[in-house]
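Q: Residues in the sequence shown are numbered from 1 upward in steps of one, following UniProt numbering.
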Amino acid sequence: MTDATSGDGTRSGSTAQPIGGAKGPDELRQQIEQTRGQLGDTVEELAGKADVKGRAKARAADLRDKAGAMTVQLRSSAAQAGHTVQDKASRAGHTAQGKAGRAGHAVQDKASRAGHTAQDKAGRAGHAAERHVPGRVRGAVQAGLRHPRAVLIAGAAAGAVVAAGVLRRRHGHGSC
1 MTDATSGDGT
11 RSGSTAQPIG
21 GAKGPDELRQ
31 QIEQTRGQLG
41 DTVEELAGKA
51 DVKGRAKARA
61 ADLRDKAGAM
71 TVQLRSSAAQ
81 AGHTVQDKAS
91 RAGHTAQGKA
101 GRAGHAVQDK
111 ASRAGHTAQD
121 KAGRAGHAAE
131 RHVPGRVRGA
141 VQAGLRHPRA
151 VLIAGAAAGA
161 VVAAGVLRRR
171 HGHGSC
């Protein structure tokens, strides 16, 4: 093989150095080592460019790393959004609960007032009716209030008589 040299006595290529520039064997050895290092670097660069499979693997590994980082970031964002929604829902629930409690108390107060009003009206109506009821009926009612067991027994007996009459009529035993 022959070296291509230019007219000024240097080699052509990226590592142009003067030919025969060494002034002694030590300097020549140093130049040889330097040239070997440069050639090694050049060979590594060329091998890296020629190793398509290796570059593809490295690129795939980089993309996997980026995808993993993106996944972690998306999960974190989703978790934070979930917590935000949960907090808002909790606050809305507490607000609704408070409003429902206040509305319940308002309804309870109105119902209580209506009950008291109805009770007062019923009491007044009872007193008014009591004034207009004949003495015999008033005496019977007062006796019933004093002896509720007797009224209960009489009511049960009357109910039994009515039930027997209804049953008899249903079965056709009555001659009415």
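All C-beta atoms, glycine included, are put in the ideal place defined by N, C-alpha and C. Just so we're clear, the structure is a prediction, and the values are computed from it rather than from any experiment.
#1: Using the C-alpha atoms, what's the distance from A81 back to G48?
#2: Are the CB atoms of Q31 and A22 within a distance shorter than 8 Å?
#3: Spatial neighbours of A89 within its chain, please: C-beta separation below 6 Å, excluding the five flanking residues on both sides.
#4: Would you mind stating whether V133 and G144 have Cβ atoms separated by less than 8 Å?
#5: Indicate the three-state DSSP secondary structure (helix, strand or coil) for G104 in the structure shown.
#6: Look at the alpha carbon of A92 and the alpha carbon of H105, and state the distance between them as a whole number of angstroms.
#7: So, does the CB of A22 fall closer than 8 Å to a CB anywhere in chain C?
#8: Taking only the alpha-carbon atoms, compute the straight-line gap between D87 and R75 and give it to the nearest angstrom.
#9: Is G24 near the ligand PLP - that is, is its Cβ less than 7 Å away from at least one heavy atom of it?
#10: Quick one: what does DSSP say T10 is sitting in, helix, strand or coil?
#11: State the DSSP-derived secondary structure class of A61, mapped to helix, strand or coil.
#12: Where does the unbroken alpha helix (DSSP H) through G24 begin, and where does it stop?
#13: Quick check: the Cα distance between H171 and V161, rounded to an integer number of angstroms?
#14: What first and last residue would you give for the alpha helix (DSSP H) that runs through P148?
A: By the coordinates alone:
#1: 45 Å
#2: yes
#3: none
#4: no
#5: helix
#6: 20 Å
#7: No chain C appears in the structure shown, which is made up of a single protein chain.
#8: 18 Å
#9: The ligand PLP is absent from the structure shown, which contains no ligands of any kind.
#10: Unreliable placement is indicated for T10, whose pLDDT of 49 sits below 50; no coordinate value is reported for it.
#11: helix
#12: Run containing G24: none; DSSP gives neither H nor E here.
#13: 16 Å
#14: P148 to R170
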